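*Asks:* Dropping the structure in here first, questions after.
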Amino acid sequence: MERQQYTERCSELFAVGGYAAVRTTAEAGLEECGPDPVLFRWLGQAHAAEDEDDHDAEAEAAYRQGLALAPDDLGLLVSYLELCLRADAFAYPGRSNRAVPLQARIEELAPPGSRERERVDAATGWAGRGYWDDVKSSALQGQAEQEAVADQSVLVTEALRQAARGEFGEGFGEDLHAAELAAAVELLQGPRNAPLRLLLAHRVAAYVLTFVLSFGLNKTLVWSGVVDFSLWGWLFWIPVLAAEAKLRQAKRLGRERVIARIQQRHEETSAA
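Throughout the sequence shown, residue numbering follows our numbering, covering -2 to 269 in sequence.
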C-alpha cells in the first residue's frame, strides 16, 4: 500500500477520534513504506490528542523524527509548536523553551494569512492566557458542554419515541452522530431505564426539581437539628447523573463502532 493511502486512512480515523487506530495505521505505514514526515506528523498528533504526559513524550519523539527528514515541513513545525506551547514550563522546560525557535521558523516559512499562521496565532493566544482568561474559558467550555448535552437529550428523546413506533432505523454507516444516537437508543431501552428516559425527556424540569429537593432536604436536616451539616440531599442527583452517564457511554460506544467500521472498510480495501 502507498504512503498516500496510509495518510488518508489516518485522516479519516483522526476525524472521528480514533487516535489509537491512527497510531496503529501510521506505524504500519512507516514500517511498510519507510520514514515519512507526514506519517510521523499523524503519529505525533494521535499521541498529542490523548493529552497525557507519556503520550506527549511520544508525540515529541515522532515530530523530531519527522523534522529530521523534512526540517521545513510546516505541518510538523506547527504541530510541534502546539505541543511545546502546551507543555508545563516547570516540568518540561526544554520542551517549553523550544516553542520560541519553532515559532520564528514558522514565521519565516509561512506567508501571512496562511492556515499555518492562523494555527500559530491560535496556539500562542491560548498559551498567553492569564488566570481569569482560563476561568472564563473554562466557564464557556462548561456552558458549551451543557448545551451539547441538552441538544443530545432532545435528539435522543425523539429517537426513542421513533423507536417505540418502530420508525427508528439502526443503520448508521460511518456517520458518527447517527452512531451515537443509535447507541443511546440501545442503551436506554427496557423498563429499568424508563426513569432515565423520563429525566432526559424533561431535562430542565428534572434539574430544577432535583436542585430544590436536594437543597430542601439538606436545609431541613440542618434546621431540625438532626445533623450539623448535611450531604444527604445530594442523593437526589444520582438519577440525573446516571442519565447523563448513559449519554456519555453512548457517545463512546458510537465512536467505537464507527472506528471499527472504518477499519473494517480499510481491511476490505487492502484485501481486494
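The C-beta atom is built at its ideal place from N, Cα and C for all residues, glycine as well.
If you're wondering where the values come from, they're calculated on a predicted model, not measured in any experiment.
DSSP three-state call for A202: helix, strand or coil?
*Replies:* In this structure, A202 counts as helix in the three-state DSSP scheme.
*Asks:* Quick one: is E177 buried, meaning 16 or more other Cβ sit within 10 Å of its Cβ, or exposed?
*Replies:* When all chains shown are included, E177 counts as buried.
*Asks:* Check the C-beta distance from S76 over to R114 and give it rounded, since I have them as a contact under 8 Å.
*Replies:* Wrong, their Cβ atoms sit about 14 Å apart, outside the cutoff.
*Asks:* Take the Cβ of E9 as the centre, count every other Cβ of all protein chains shown within 10 Å, and call the residue buried at 16 or more, exposed below.
*Replies:* When all chains shown are included, E9 counts as buried.
*Asks:* Output needed for L270: all residues of its chain with C-beta closer than 8 Å, excluding positions within five of it in sequence on either side, in chain order.
*Replies:* The requested residue 270 does not occur in the structure, where the chain is confined to residues -2 to 269.
*Asks:* Per the contact definition of three or more C-beta pairs closer than 8 Å, is the segment 241 to 251 in contact with the segment 180 to 194?
*Replies:* Counting Cβ pairs under 8 Å, three or more are found: they touch.
*Asks:* Classify E(-1) as helix, strand or coil using the three-state DSSP reduction.
*Replies:* Coil.
*Asks:* Cutting at 6 Å between CB atoms, please list the residues of its own chain near N215, excluding the five before and the five after it.
*Replies:* Around N215: S227, G230.
*Asks:* Quick check on this structure: which residue in A54, A107, W220 has the alpha carbon closest to the alpha carbon of C81?
*Replies:* Selected option, being the one with the closest Cα: A54.
*Asks:* Out of R200, F212, A191, A45, which has the shortest C-alpha to C-alpha gap to Q149?
*Replies:* The shortest C-alpha separation from Q149 is found at R200.
*Asks:* Assign Y128 to one of three DSSP states: helix, strand, or coil.
*Replies:* Reliability of the predicted coordinates at Y128 is poor, the pLDDT of 40 falling under 50, and no value is obtained from them.
*Asks:* Please classify E79 as buried or exposed, where buried requires at least 16 neighbouring CB atoms within 10 angstroms.
*Replies:* Result: buried.
*Asks:* Where G170 and R258 are concerned, what is the direct C-alpha to C-alpha distance, given to the nearest angstrom?
*Replies:* Approximately 8 Å between the Cα atoms of the pair.
*Asks:* Counting C-beta neighbours from all protein chains within 10 Å, is the total for E155 16 or more, i.e. buried, or is it exposed?
*Replies:* Looking at its Cβ environment, which holds fewer than 16 other Cβ atoms inside 10 Å, E155 is exposed.
*Asks:* Buried or exposed: which applies to T217, given that a residue is buried once 16 or more other Cβ atoms fall within 10 Å of its Cβ?
*Replies:* Label assigned to T217: exposed.
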